[in-house]
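There are 4 protein chains.
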Amino acid sequence: MPSFKTTIRVSWADTDAAQVVHFSNFFRFFEKTEEEFYRSLGFNFDQIVSKYNIWLPRVEAYCQFKKPAKFDNLLEIELTVGEIREKAVKYLFKVRNKGTAETIAEGYLTVVSASKQTGKAIEIPEELKKQLKFFAADRNP
Amino acid sequence: MPSFKTTIRVSWADTDAAQVVHFSNFFRFFEKTEEEFYRSLGFNFDQIVSKYNIWLPRVEAYCQFKKPAKFDNLLEIELTVGEIREKAVKYLFKVRNKGTAETIAEGYLTVVSASKQTGKAIEIPEELKKQLKFFAADRNP
Amino acid sequence: MPSFKTTIRVSWADTDAAQVVHFSNFFRFFEKTEEEFYRSLGFNFDQIVSKYNIWLPRVEAYCQFKKPAKFDNLLEIELTVGEIREKAVKYLFKVRNKGTAETIAEGYLTVVSASKQTGKAIEIPEELKKQLKFFAADRNP
Amino acid sequence: MPSFKTTIRVSWADTDAAQVVHFSNFFRFFEKTEEEFYRSLGFNFDQIVSKYNIWLPRVEAYCQFKKPAKFDNLLEIELTVGEIREKAVKYLFKVRNKGTAETIAEGYLTVVSASKQTGKAIEIPEELKKQLKFFAADRNP
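Protein chains in written order, with the numbering used here: chain U, 1 to 141; chain X, 142 to 282; chain D, 283 to 423; chain R, 424 to 564.
Encoded structure:
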């Protein structure tokens, strides 16, 4: 099952007074992983905006927190393409502690293709969808 | 239906390059509302920690984003007690634009009662549960 | 000496693993205070942008941290207009713990008036400067 | 002149509605660089805390913003040891756009060695000071 993986080192600023990563930061880690996933496909958010004239706003975000992550932990974040709809795509994320291999958190982001002019949901550009499908297809032989 | 409401003014630092509130900040708004809800009940996180020797870590977070919120918008956030289990409570949140009355976002946080020593889930202190139940009971006559 | 004051309640998300407000958040508190200062003058960032066609980017930021601020502390932030130059204004900030009256932090932001088109520094709009001067004049009779 | 360098990719969450990195995030970039500097010396914040029983709170932070940094920019951050006092050390930071080589921002953090028990400033542990001095000595032959 192909997937995209990246690592994030927990910074002091990511922690809170419980001495663990503040839960809201996992959503930033998810998005950062999505950004690097696009980069691995050969483009970035900005290029998607200028090339296809769309934004990719998030319409849903979910995360289940299983184990705390602490300062200096090296986290491995795995992205898989969960579901591709006409105008939206759901990315699944799994966060592991790279040192202990424990699963820290799991969740998803549902991202919609929105016209930059009208803000309304429009079809995901064919070229982009192909790359995502190819990616998703590989995982479900 | 009783509920707890607070308002949050969107700050420049809450926005992102799409000129709307970054989605991760809604989770911070949820938590800030929960903090003020506790304060309205007569205590705060720290007092819960010192009095009952528990933390209240989040085990689940979800949000659906319906409309963008922009800089300077005054947001009204409504908290209701969704479900009280033995060791966990689910808070529901609704974010409205106070100017337009539009619903901006809806979601929840599931919070567990965890022993400060062992980190394991333990029963919600009776006194705290009573306050939450009272609150929840009121809404479901 | 006239000044503008606002209060900010320390949220859990503002803290770090040292169980105090992360130092970077004081800069967000400064800016939030500046935003409310503009609002008290009858406008906001966005209105400045649309009316005068300028941004107000920060060119300098400084803070000295004297005492830690903790979760749930109520902070009082005082803004004074330090210096008005042709194209820039320096805002001074003092953060106090409202409960103990201790000074927590002191610092400044230097903000420049920049053309939205070219990005270059341009004169502060006369009308805005007058309001700031009036404010500063009051304090130095 | 020896120095420590690291790179940081600008994430969407780092930006604000002016479509540039929010100024407060440069302070987080500074600290992240300091964290990686310690790591390059063979330890981390937590190990400093447990080994020497000290925290390293920031007592001063300054930054001058010269050029905007944008989404997806690759930033190179350079740390040099500016000044070593008995109980404090000043780290200097320079942020460059790795693509264009432009200087984006420059600033410093003054960090104090504080007893974990009393919170009071105490001498920087000899072993740590030696590493910093060695580092600083190298740069000023």
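Glycine residues also receive a C-beta, built at the ideal position from the N, C-alpha and C atoms.
Considering only beta carbons, the part of the region 7-24 of chain U lying closer than 7 angstroms to chain R consists of Ser-11, Trp-12, Ala-13, in chain order. With a cut-off of 8 angstroms on Cβ pairs, the region 183-194 of chain X is in contact with the region 349-363 of chain D, counting three or more such pairs. Contact between Glu-317 (chain D) and Tyr-373 (chain D) fails: their C-beta atoms lie close to 11 angstroms from each other, not under 8 angstroms. Contact holds between the region 114-123 of chain U and the region 54-61 of chain U, because three or more Cβ pairs, one in each stretch, are under 8 angstroms apart.
Scanning the region 339-407 of chain D from its first residue to its last, the whole beta strand (DSSP E) runs of 3-plus residues come out as 340-347, 356-366, 370-379, 385-394. The secondary-structure analysis by DSSP pairs Ile-195 (chain X) across a beta bridge with X:Ser-256. In the three-state scheme derived from DSSP, where H, G and I count as helix and E and B as strand, Val-444 (chain R) is classed as strand. Per DSSP, the unbroken beta strand (DSSP E) holding Thr-7 (chain U) starts and ends at 4-9.
Taking CB atoms only, Lys-352 (chain D) has a neighbour in chain U less than 9 angstroms away. Of all alpha-carbon atoms in X:Thr-148, X:Glu-268, X:Phe-171, X:Trp-153, the one lying nearest the alpha-carbon of Tyr-249 (chain X) is that of X:Phe-171. When the Cα atoms are used, Phe-275 (chain X) and Val-21 (chain U) turn out to be separated by approximately 32 angstroms. Around Ala-61 (chain U), the beta-carbon contacts reaching into chain X at under 9 angstroms are Phe-164, Ser-165, Phe-167, Phe-168, Ala-202, Tyr-203, Cys-204, Gln-205, Phe-206, Gly-248. A Cβ-Cβ separation of about 5 angstroms places Val-534 (chain R) in contact with Val-512 (chain R) under the 8 angstroms criterion. Taking C-beta atoms as the reference points, Arg-519 (chain R) and Ile-500 (chain R) count as a pair closer than 9 angstroms. Put simply, of U:Glu-106, U:Ala-13, U:Ile-48, U:Trp-12 the residue whose alpha carbon is nearest the alpha carbon of Tyr-62 (chain U) is U:Glu-106. The criterion of a C-beta distance shorter than 9 angstroms is not satisfied by Ser-165 (chain X) and Leu-220 (chain X). Residue pairing by DSSP places Thr-297 (chain D) opposite D:Val-303 in a beta bridge. With a cutoff of 9 angstroms on beta-carbon distance, Phe-460 (chain R) and Thr-429 (chain R) are scored as near each other. In this structure, DSSP gives Phe-184 (chain X) a state outside helix and strand, which the three-state scheme calls coil. Taking 9 angstroms as the cut-off, the beta carbon of Ala-158 (chain X) is found no closer than this to the beta carbon of Arg-310 (chain D).
Counting only residues of its own chain and dropping the five nearest sequence neighbours on each side, Glu-102 (chain U) has a CB closer than 6 angstroms to the CB of Lys-67. Taking the Cα of Ala-418 (chain D) as reference, the smallest distance to any Cα among D:Glu-365, D:Phe-375, D:Glu-342 is reached at D:Glu-365.
Here the alpha carbons of Ser-11 (chain U) and Glu-342 (chain D) stand approximately 24 angstroms from one another. Taking 9 angstroms as the cut-off, the beta carbon of Phe-65 (chain U) is found closer than this to the beta carbon of Ile-104 (chain U). Put simply, the backbone Cα of Lys-474 (chain R) is about 17 angstroms away from that of Lys-510 (chain R). Take Lys-32 (chain U), set aside five residues on each side of it, and the residues of its chain with a beta-carbon closer than 7 angstroms to its own are Ile-8, in chain order. Annotation for Lys-552 (chain R): Ile-507 place their beta carbon closer than 7 angstroms to its own, counting only its chain and skipping 5 residues before and after.
For Pro-339 (chain D), at least one C-beta of chain R is nearer than 9 angstroms to its own C-beta. Under the Cβ criterion of 9 angstroms, Lys-173 (chain X) is counted among the residues facing chain D. Around the beta carbon of Thr-438 (chain R), 16 or more other beta carbons lie within 10 angstroms, which makes this residue buried.
Of the residues R:Ser-463, R:Ile-471, R:Arg-462, R:Gln-442, the one whose Cα lies closest to the Cα of Glu-550 (chain R) is R:Ile-471. At the C-beta level, Gln-301 (chain D) and Gln-19 (chain U) come within 9 angstroms of one another. Rounded to whole angstroms, the gap between the alpha carbons of Lys-235 (chain X) and Phe-167 (chain X) is 10 angstroms.
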